[in-house]
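Numbering (this note's numbering), first residue to last: 20 to 177.
Backbone N, C-alpha and C define an ideal beta-carbon position, used for all residues, glycine too.
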Ligand SMILES: [Zn+2]
């Protein structure tokens, strides 16, 4: 790492600290030549993920679109904006770690649903209504039933 003061390339690390919710590392360095102290950030390189839409077109997975979709589903629920951002962070991280470069838009919806199911029932059902596009009351009830049965699996009645 080149010293910003004298351009010498040798430095020693004084301190390393996790930053950006653990996705990057902040290092405090000292130049071995002139003792100048500076800070560097090291972060995981992320590759854009394509979303394959139902109509066959592709678009880059948009963090802001995901956040606004989930925010709409979470209106009038106790889910904070911060919680939604964390949810999207974790989702992105999950896809990056699995080396996924392309994903069906419906699969993204299912991943979000899995997370919402753990957090809030109302938000889960609202989001499901958008992503699974209900075709009448039958689908709506089916979603409700799925929610009930999976919740029972997670928390068995004693
Ligand atoms: Zn230097």
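Presumed contact (8 Å Cβ cut-off) between residue 104 and residue 79, rounded CB distance = Position 85 of the chain shown, counting from 1, holds the residue named residue 104. Position 60 of the chain shown, counting from 1, holds the residue named residue 79. At roughly 19 Å, the Cβ-Cβ gap does not stay under 8 Å, so residue 104 and residue 79 are not in contact.
Nearest-angstrom Cα distance between residue 177 and residue 121?
-> The count along the chain shown starts at 1 and reaches residue 177 at position 158. The count along the chain shown starts at 1 and reaches residue 121 at position 102. No answer about residue 177 holds up, because its pLDDT of 49 lies below 50 and its placement is not dependable.
Round the Cβ separation of residue 33 and residue 47 to the nearest angstrom and send it over; I've been treating them as touching at under 8 Å.
-> For the purposes of this step, residue 33 is taken as the residue at position 14 of the chain shown. For the purposes of this step, residue 47 is taken as the residue at position 28 of the chain shown. Yes, they are in contact, since the Cβ atoms of residue 33 and residue 47 sit about 4 Å apart, within 8 Å.
Name the DSSP bridge partner or partners of residue 71?
-> In the chain shown, the residue the question calls residue 71 occupies position 52. Per DSSP, the beta-bridge partners of residue 71 are 77 and 123.
Any idea what DSSP makes of residue 25, helix, strand or coil?
-> If you number the chain shown from 1, residue 25 lands on position 6. Looking at residue 25 - three-state DSSP - the assignment turns out to be coil, as it is neither helix nor strand.
Compute the Euclidean distance between the alpha carbons of residue 174 and residue 102, then round it to the nearest angstrom.
-> As a working mapping, residue 174 is identified with position 155 in the chain shown. As a working mapping, residue 102 is identified with position 83 in the chain shown. Interpretation of residue 174 is limited by its pLDDT of 48, a score under 50 that renders its predicted location unreliable; no figure is taken from the coordinates.
Which residues mark the beginning and the end of the alpha helix (DSSP H) in which residue 87 is found?
-> In the chain shown, counting from the first residue as 1, residue 87 sits at position 68. Unbroken alpha helix (DSSP H) run through residue 87: 82-92.
Within 7 Å: the Cβ of residue 148 and any heavy atom of ligand 1?
-> Here residue 148 corresponds to residue number 129 of the chain shown, with the count starting at 1. Placement of the Cβ of residue 148 at a distance of 7 Å or more from every heavy atom of ligand 1 is found.
For residue 35, which residues from the same chain have a beta carbon less than 6 Å from its beta carbon, with the 5 sequence-adjacent residues on both sides left out?
-> Counted from its first residue, the chain shown places residue 35 at position 16. Cβ neighbours of residue 35 beyond the five flanking positions: 44 and 46.
Where residue 62 falls, given that 16 or more other Cβ within 10 Å makes a residue buried | As a first step, residue 62 is located in the chain shown; it is residue number 43 there, counting from the start. Exposed, because fewer than 16 other Cβ atoms sit within 10 Å of the Cβ of residue 62.
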